[in-house]
Structures are given as C-alpha cells and as structure tokens.
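Numbering (this note's numbering), first residue to last: 8 to 416. Idealized CB from N, CA, C, for every residue including glycine. If you're wondering where the values come from, they're calculated on a predicted model, not measured in any experiment. Take a look at the structure set out below.
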C-alpha cells in the first residue's frame with residue numbers, strides 16, 4: 008500500500024496537470040469561439056437573442072479560461088424554467104433598444120489587458136464620476152428601461168468588474184447585455200420567489216453550502232463543502248441541466264442574502280467571502296464528468312456574476328496542495344489570484360487574524376442550506392424589491408440613476 012502522503016501528492020499533482028492542460032485547451036477554444044462569432048457577425052444581420060458561441064471566464068476573474076456554447080443566453084443543455092420572464096415580451100422590449108450595430112459585443116472587444124496602476128474601487132463608496140459615465144453609456148447602448156430594471160448590485164458588479172480593461176465601457180456593456188439575456192431566459196430574478204427546483208432536499212444533502220458568518224467589513228461568509236460532495240451519487244441523481252438550475256437557485260439565494268445583509272447594515276456590500284472546504288477530496292472529485300460539470304458551472308457564474316467575490320479561503324487544504332498552488336496560480340488571472348488564501352486545518356487562527364467571525368464561533372457540522380435561507384428571507388423582506396435594489400444604495404447613486412431613468416427611458 009502506498010504511503011498516504013504519496014497518494015495525496017499523486018492526487019494533487021494530477022489535479023494540477025488537469026488544470027494546466029485545461030488552460031491550454033481553453034485558450035484554443037476561446038480563439039476559435041471568437042473567430043467564429045466574428046465570422047457569423049460579419050455575414051448575418053445582428054440579433055442579440057440569436058444563438059452564439061462565447062468564451063467563458065473563471066469565477067470572479069477576468070481572463071477567458073473555458074468555453075461554453077450558450078443558446079439564447081443559456082448554457083447548452085440547461086432547460087428553461089416554466090416561467091420565462093420577459094422572454095415572451097421580447098418584441099415589446101426590442102423596439103426600445105438602440106440598434107444592435109451600435110452596441111458593443113463580445114466579438115468586438117479589444118484583447119484583455121490590465122491597465123497599469125489599476126486598483127479596485129472601494130465597494131461601499133458611491134460611483135465616482137468615471138464610473139457614472141460608464142453607467143450613462145450603458146443606458147445609451149442598452150436602453151434606459153433595460154438598464155433601469157437591472158438589479159442594482161449586479162449593475163455595480165458589471166460597472167466595476169471591468170474597470171481594469173482598456174475598453175472598460177464596451178466590456179461592461181457587452182457582458183451585461185449577455186447576462187441580462189441569460190437572466191430573462193432562465194427567470195433568475197424570480198427564481199427564489201417560486202418553488203425551488205425539484206428534489207431540492209436531495210440536492211442540498213449532496214451539495215452542502217450555506218452562510219456561516221461575516222468578515223470584518225461585513226461581507227457574508229459562504230461555505231462550500233466541495234470535499235464532502237459524493238460525486239457518484241450526485242452524477243447519478245442530477246443531469247447537467249438540473250445541476251446548473253439548482254446551482255443558479257443557490258447563487259440567486261446567496262445574492263439575496265448578501266443584499267439583505269447590505270440593507271441591514273446600511274452599507275453597500277455586493278460581494279461575499281467564499282470558504283471552500285477541501286476535507287474529503289479524492290480522485291472521484293476530478294473525474295471527467297465532475298470536471299465538466301464544475302467547468303460549466305464556473306463558466307456560467309464567472310460571466311454572469313463578475314466581481315461578486317471579495318475573498319476565497321480554501322480550508323483543510325493538504326500541504327502538497329499549497330506547494331502545487333504556486334505553480335497553478337501562474338495560469339490564473341492575477342486579479343483572482345490575489346483573492347486566494349490557501350489554508351490547512353489550522354484555519355481558525357488565520358480567520359481570527361483576518362477579523363472573520365463565525366456564527367456560533369465554529370463552522371457547524373450541519374448546514375441549513377439555501378432553501379431554508381430563502382424561506383427566512385421571504386418572511387422578513389419583499390423579495391421582489393430586495394432583488395431589484397440589491398441591498399443598500401448610496402443616496403448619490405440613487406438620485407443619479409433615477410435622473411438617468413427619467414431622461415433616457
């Protein structure tokens with residue numbers, strides 16, 4: 008029998024190799040996707056709702072890292088919900104939008120380059136003059152009504168999430184346009200106001216996630232027990248479409264939880280802290296099916312929820328994982344890398360130094376899950392209003408957004 012440390016080293020070396028090979032493949036796929044989209048755009052009439060191929064980004068990063076085919080705004084294979092909000096109303100909305108040819112698209116964006124000297128905006132502050140100018144351009148390009156109906160937290164994410172790019176305004180517009188199409192297709196805005204996807208209890212028993220505390224700035228801590236997932240049972244119980252729908256429900260629930268936290272503190276906070284527990288990690292977590300599932304999920308959320316993660320803590324990470332991290336991170340977007348802390352089993356000391364406060368003082372063995380969190384939010388809030396406002400909005404932003412809505416709708 009191989010020594011445990013050797014087995015662990017082999018496992019994590021394989022994970023690192025898969026990441027490196029995946030990165031190279033995705034670069035090729037991204038180039039082919041961009042070329043295909045440009046060719047299609049040059050030979051067909053512009054249609055913002057037509058099927059198209061796009062490159063997807065790593066969660067909360069900025070560089071394309073995997074590709075996924077999106078059909079009418081949804082990842083291939085994902086079934087639309089029964090209630091397809093705004094989809095049937097598309098013709099009524101379309102006439103209010105500026106001509107498609109005048110709007111930036113993913114295919115027309117410049118190559119991604121981080122601007123020298125760029126630093127992220129302070130999350131809680133109102134939009135500065137430059138950021139508000141980006142908002143004005145979004146209203147002009149996408150139509151006042153469409154932007155005004157965008158959840159305010161997501162508007163901030165898309166405005167600030169691409170500020171590092173030379174084509175800041177164009178990138179914010181192209182990616183927000185695509186995200187709004189996806190949200191209308193899958194009914195994301197109403198997802199937590201309806202019954203959860205079928206077999207939600209089973210899903211939450213397999214994919215364990217819930218809020219567990221707050222950091223010193225007030226961001227919610229969201230625990231993801233990736234190492235505790237039973238891959239064989241998950242893959243046999245849920246196909247890719249239903250898995251992604253459940254994960255979208257969880258993602259929207261965490262958005263509303265963060266918005267309620269922001270409103271309670273009367274402080275703009277649209278980001279969360281992700282705590283990923285690796286305890287229980289095995290080879291079954293990195294088989295081909297699981298990797299494909301995770302890649303599609305990260306593609307979906309990376310593009311449609313940018314700049315929504317404040318910090319990543321990876322806890323119970325084996326020692327060899329931290330060694331391999333030094334090699335793996337060179338392939339990741341530098342903005343994303345700066346947000347990661349790789350910790351072992353002694354993470355409580357690091358949490359204390361960082362000002363992280365766990366509800367009850369410890370991470371609970373049993374998690375409440377997002378379905379229970381949604382029920383609690385429904386009792387305390389008007390979820391429709393909470394979804395739109397996205398938490399606390401600085402007065403200066405609220406006044407200017409109202410003025411723009413009046414002037415441009």
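message = The beta strand (DSSP E) that contains residue 360, what's its start and end?
response = Numbered from its first residue, the chain shown carries residue 360 at position 353. Not the beta strand (DSSP E): residue 360 falls in the alpha helix (DSSP H), residues 354 to 361.
request  = Verify whether the separation of the beta carbon atoms of residue 325 and residue 265 is less than 8 Å.
outcome  = As a first step, residue 325 must be located in the chain shown, where it is residue number 318. As a first step, residue 265 must be located in the chain shown, where it is residue number 258. No, these two residues do not count as a Cβ contact at 8 Å.
message = Taking DSSP's pairing of strands, which residues face residue 337 in a bridge?
response = Translated into the one-based positions of the chain shown, residue 337 becomes position 330. Answer is none; residue 337 lacks a bridge partner.
query = Helix, strand or coil: how does DSSP classify residue 217 here?
reply = Within the chain shown, the letter at position 210 stands for residue 217. Residue state, collapsed to three classes: strand.
Span separating the alpha-carbon of residue 260 from that of residue 390 = Taking the first residue of the chain shown as position 1, residue 260 is located at position 253. Taking the first residue of the chain shown as position 1, residue 390 is located at position 383. So the two alpha carbons sit approximately 10 Å from each other.
inquiry  = Contact between the region 298 to 312 and the region 328 to 335 is defined here as three or more beta-carbon pairs at a separation below 8 Å; is this criterion met?
reply    = No: fewer than three Cβ pairs fall under 8 Å.
task = Over the uninterrupted beta strand (DSSP E) stretch that includes residue 281, give me the two end residues.
result = To locate residue 281, count along the chain shown from 1; it is residue 274. Residues 279 to 284.
task = Could you tell me whether the Cβ atoms of residue 364 and residue 225 are closer together than 8 Å?
result = Along the chain shown, read from residue 1 onward, the residue named residue 364 stands at position 357. Along the chain shown, read from residue 1 onward, the residue named residue 225 stands at position 218. At a Cβ-Cβ threshold of 8 Å, residue 364 and residue 225 do not count as neighbours.
request  = Mind checking which residues open and close the alpha helix (DSSP H) that includes residue 187?
outcome  = Position 180 of the chain shown holds residue 187. Segment 175 to 193, the alpha helix (DSSP H) holding residue 187.
inquiry  = With the cut-off set at 8 Å, would you say residue 210 and residue 283 are in Cβ contact?
reply    = Along the chain shown, one-based indexing puts residue 210 at 203. Along the chain shown, one-based indexing puts residue 283 at 276. Not closer than 8 Å, so no.
message = Under 8 Å, with one C-beta from each stretch per pair, do the region 390 to 400 and the region 193 to 208 reach the 3-pair mark?
response = Taking 8 Å as the limit for Cβ pairs, the verdict is that the region 193 to 208 does touch the region 390 to 400.
key: Those residues which DSSP pairs with residue 316 across a bridge   = Numbered from 1 along the chain shown, position 309 holds the residue referred to as residue 316. Checking the DSSP bridge columns, you'll see residue 316 partnered with 279.
Residue 367, buried or exposed, once every other Cβ within 10 Å from all chains shown has been counted against 16 = As a position in the chain shown, residue 367 is number 360, starting the count at 1. Around the CB of residue 367, fewer than 16 other CB atoms lie within 10 Å, so the residue is classed as exposed.
inquiry  = What does the alpha-carbon distance come out to for the pair residue 281 and residue 238?
reply    = Taking the first residue of the chain shown as 1, we reach residue 281 at position 274. Taking the first residue of the chain shown as 1, we reach residue 238 at position 231. The alpha-carbon atoms of residue 281 and residue 238 are separated by roughly 21 Å.
request  = With DSSP as the reference, please indicate the residues paired to residue 365 in a beta bridge.
outcome  = In the chain shown, the residue the question calls residue 365 occupies position 358. Per DSSP, 220.
Residue interval of the alpha helix (DSSP H) (run including residue 228) = The count along the chain shown starts at 1 and reaches residue 228 at position 221. Not the alpha helix (DSSP H): residue 228 falls in the beta strand (DSSP E), residues 227 to 231.
inquiry  = Residues in the same chain with beta-carbon distance under 6 Å from residue 370, minus the five sequence neighbours each way, listed in chain order, please.
reply    = Working through the chain shown from its first residue, we reach residue 370 at position 363. Cβ neighbours of residue 370 beyond the five flanking positions: 219.
query = Which class does residue 134 belong to by DSSP, given the choice of helix, strand or coil?
reply = For the purposes of this step, residue 134 is identified with residue 127 of the chain shown, where counting begins at 1. Taken through DSSP and simplified to helix, strand or coil, residue 134 comes out as coil.
message = Helix, strand or coil for residue 236? Go by DSSP, reduced to three states.
response = Here residue 236 refers to the residue found at position 229 when the chain shown is read from its first residue. Residue 236 falls in the coil class under three-state DSSP.
message = Taking 8 Å as the threshold (C-beta atoms), are residue 314 and residue 168 in contact?
response = As a first step, residue 168 must be located in the chain shown, where it is residue number 161. As a first step, residue 314 must be located in the chain shown, where it is residue number 307. Less than 8 Å divides the Cβ of residue 168 from the Cβ of residue 314.
key: Same chain only: Cβ atoms within 8 Å of residue 292, ignoring 5 sequence neighbours per side   = Position 285 of the chain shown, counting from 1, holds the residue named residue 292. Closer than 8 Å at Cβ, skipping near neighbours: 233, 234, 236, 238.
query = If you count every other CB in all the chains shown that lies within 10 Å of the CB of residue 290, and 16 or more means buried, which is it?
reply = Here residue 290 corresponds to residue number 283 of the chain shown, with the count starting at 1. Residue burial annotation: residue 290 is exposed, with fewer than 16 other C-beta atoms found within 10 angstroms of its C-beta.
Counted within 10 angstroms of its Cβ, other Cβ atoms place residue 376 as buried (16 or more) or exposed = Counting from 1 along the chain shown, the entry for residue 376 is found at position 369. By the 10 Å Cβ count, residue 376 comes out buried.
key: Test item: CB-CB of residue 189 and residue 311 under 8 Å   = Position 182 of the chain shown, counted from the start, is the residue given in the question as residue 189. Position 304 of the chain shown, counted from the start, is the residue given in the question as residue 311. Less than 8 Å separates the beta-carbon of residue 189 from that of residue 311.
inquiry  = Taking 7 Å as the limit between beta carbons, can you name the residues of its chain near residue 140, skipping five residues before and five after?
reply    = Against the chain shown, residue 140 aligns to sequence position 133. So the list is empty, once near-sequence residues are dropped.
ask   = Secondary structure at residue 405, three-state DSSP: helix, strand or coil?
value = Counted from its first residue, the chain shown places residue 405 at position 398. Residue state, collapsed to three classes: helix.
query = The beta strand (DSSP E) with residue 160 in it runs from where to where?
reply = Residue mapping note: residue 160 aligns to position 153 of the chain shown, counting from 1. Run containing residue 160: none in the beta strand (DSSP E); it sits in the alpha helix (DSSP H), 159 to 168.
inquiry  = Given this structure, state the Cα-to-Cα distance separating residue 279 from residue 117, to the nearest angstrom.
reply    = As a working note, residue 279 is residue 272 in the chain shown. As a working note, residue 117 is residue 110 in the chain shown. Approximately 29 Å between the Cα atoms of the pair.
message = Rounded to the nearest angstrom, what separates residue 154 and residue 378 at their Cα positions?
response = As a first step, residue 154 is located in the chain shown; it is residue number 147 there, counting from the start. As a first step, residue 378 is located in the chain shown; it is residue number 371 there, counting from the start. Near 29 Å, if we compare the C-alpha coordinates of residue 378 and residue 154.
ask   = Could you give the residue range of the beta strand (DSSP E) that holds residue 347?
value = Sequence index remark: in the chain shown, residue 347 carries index 340 (1-based). If you look at residue 347, you'll find it in the beta strand (DSSP E) that goes 347 to 349.
task = Taking only the alpha-carbon atoms, compute the straight-line gap between residue 132 and residue 400 and give it to the nearest angstrom.
result = As a first step, residue 132 is located in the chain shown; it is residue number 125 there, counting from the start. As a first step, residue 400 is located in the chain shown; it is residue number 393 there, counting from the start. Their backbone Cα atoms lie some 9 Å apart in a straight line.
key: Three-state secondary structure assigned by DSSP to residue 400   = Indexing the chain shown from 1 puts residue 400 at position 393. DSSP, reduced to helix, strand and coil, places residue 400 outside both helices and strands of the structure shown, so it counts as coil.
inquiry  = Helix, strand or coil for residue 258? Go by DSSP, reduced to three states.
reply    = Counting from one through the chain shown, the residue named residue 258 turns up at place 251. Residue state for residue 258 is assigned as helix, using DSSP reduced to three classes.
message = According to DSSP, simplified to helix, strand and coil, what is residue 120?
response = Indexing the chain shown from 1 puts residue 120 at position 113. Residue state for residue 120 is assigned as coil, using DSSP reduced to three classes.
message = I'd like to confirm the pairing. Which residues does DSSP put opposite residue 321 in its beta bridges?
response = In the chain shown, residue 321 corresponds to position 314, counting from 1. BP columns for residue 321 point to 283, 349.
inquiry  = Looking only at its chain, what residues have a beta carbon closer than 8 Å to the beta carbon of residue 164, apart from the 5 residues adjacent to it on each side?
reply    = Locating residue 164 in the chain shown gives position 157, counting from the first residue. Answer for residue 164: 277, 312, 313, 314, 315, listed in chain order.
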